[in-house]
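Okay, so here's the structure we're looking at.
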Amino acid sequence: MWSDREDAISSLKARLSASRGEEFRCASTIRQFLTGSHDGGCYIKKLNHGPAEFVSIDRIKALKKRRVDSEKEGVQASPISASLTPKPGVDESDPVFETLLVTQFQSLLEGHTKTEAFLDTFNELIRLPQSSVDQLCQKVPFKTLPDETLAEIMSSIIDCESISFHNLVIFYRASLLQKVAMLDVAPSRILLSTIFSAAKANPKAVVQGLLSPLLTKSAPGKFQADIINRTIKESLDKPSLVYFLQALTRQPTEERNGEMGVDTIQWNDYTISVMHSLLVSKAPFKRNLLLDLLKIMEENFSDFKSSSKYATLILLIVKNFPADIKEDVDFVTRVVENSTTFVKKSVLTSLKKLR
């Protein structure tokens with residue numbers, strides 16, 4: 011990788027043999043590098059798990075200098091909002107730079123070190139290119155972190171406009187989504203507060219990274235639905251609620267090669283409760299969006315013919331958005347005719363008034 015690699019390795023081994031008799035490994039020396047206290051070098055294992063490469067201290071210092079310089083420039087530069095543009099002056103594609111940060115964060119995490127360095131390192135990592143953040147989230151078990159630690163991390167990035175939308179979504183999926191999806195007991199107050207704060211600060215990223223996947227990756231359970239319903243009531247403003255329903259009906263929930271793919275709403279009684287919360291929220295859902303929801307409901311009606319809760323969703327649409335569905339009375343009538351419950355009569359009566 012570097013012209014003097016073999017000489018550097020030999021020299022390093024000789025010095026270490028005389029002192030400790032062991033190789034100088036990145037995991038044990040990364041903290042020394044960050045404080046500038048070691049004059050040797052280290053073996054770096056790339057993010058793709060390839061063979062370790064020797065990195066001289068001069069190489070490390072150069073990377074550190076570029077990072078420091080970029081921070082100085084960043085103070086004067088305007089924030090980078092919702093983009094994947096890297097910081098000025100930083101070679102974001104350099105695997106050494108990325109791996110040093112990942113290893114430092116893992117070391118601090120494993121040592122339960124809740125210091126400024128812990129948060130500073132994470133703030134460096136979350137600003138790396140999207141592919142690197144994705145690999146970081148595969149390597150670090152965010153979902154197993156104590157709620158207090160996750161809350162501390164979330165708090166450190168809550169108002170950072172320079173973090174890209176895509177990186178936030180990736181991180182929320184690796185942390186909040188994984189943690190919430192495996193809940194089989196009521197969430198802690200700390201976790202709820204963390205979700206509410208994130209949803210208020212970055213509603214669209216939370217919709218894409220947490221709320222929508224909870225309804226499309228698999229049918230939600232009681233605790234998952236409760237979190238979604240409380241987030242709807244506590245944290246999401248009306249434009250964000252519209253975005254949430256768009257995410258569910260038009261399925262911009264999975265990223266594939268930069269494009270939004272298609273996931274389907276997984277229906278059960280808990281899903282119905284979430285839809286109920288959306289439809290009574292007084293958000294300004296328009297005709298096309300309501301029709302998208304009704305078409306999805308029609309496709310799934312065979313499983314809910316005897317469900318009064320399912321039919322009640324149609325009643326809410328008719329009563330809360332009469333002007334928006336006035337042109338589509340025949341279609342709505344056809345959909346509700348699938349119901350075998352007493353609610354069907356109420357829907358048909360309301361539809362007749364719109365003719």
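For the sequence shown, position 295 (counting from the first letter as 1) is numbered 305 according to the numbering used here, and the numbering increases by one without interruption.
Even for Gly, the Cβ is constructed at its ideal location relative to N, Cα and C.
- Ranking 277, 157, 203 by CA distance to the CA of residue 185 puts 157 first.
- With contacts defined as CB atoms closer than 8 Å, residue 289 and residue 323 qualify as a contacting pair.
- Look at residue 259 here: in three-state DSSP terms it is helix.
- In the displayed model, residue 234 falls within a helix according to three-state DSSP.
- Your pair residue 346 and residue 354 checks out as a contact, with CB atoms roughly 5 Å apart and the cut at 8 Å.
- The three-state reading of DSSP puts residue 283 in helix, counting H, G and I together.
- Minimum Cα-Cα distance from residue 310 among the listed residues 274, 340, 328 corresponds to 274.
- In summary, residue 257 is buried, with 16 or more beta-carbon neighbours lying within 10 Å of its beta-carbon over all protein chains present.
- Counted as a single uninterrupted DSSP element, the stretch harbouring residue 196 is not any alpha helix (DSSP H), since DSSP gives it neither H nor E.
- Rounded to whole angstroms, the gap between the alpha carbons of residue 312 and residue 285 is 18 Å.
- Per DSSP, the unbroken alpha helix (DSSP H) holding residue 188 starts and ends at 188-191.
- Here residue 152 is buried. Its C-beta has 16 or more other C-beta atoms within 10 Å.
- Scanning its chain for C-beta atoms nearer than 8 Å, with the 5 sequence neighbours on each side dropped, one finds around residue 334 the residues 295, 296, 297, 300, in chain order.
- Where residue 306 is concerned, the enclosing alpha helix (DSSP H) starts and stops at 297-310.
- Setting aside the 5 residues that flank it on each side, residue 229 is surrounded in the same chain by 276, 277, 278, 280, 281, each with a C-beta closer than 8 Å to its C-beta; the list follows chain order.
- In terms of Cβ geometry, residue 209 and residue 178 do not form a close pair [threshold 8 Å].
- Taking the CA atoms as reference points, residue 129 sits about 10 Å from residue 164.
- Judged by their CB atoms, residue 239 and residue 283 are nearer to each other than the 8 Å cut-off.
- Contact annotation: residue 254 and residue 207 have beta-carbon atoms that are not nearer than 8 Å.
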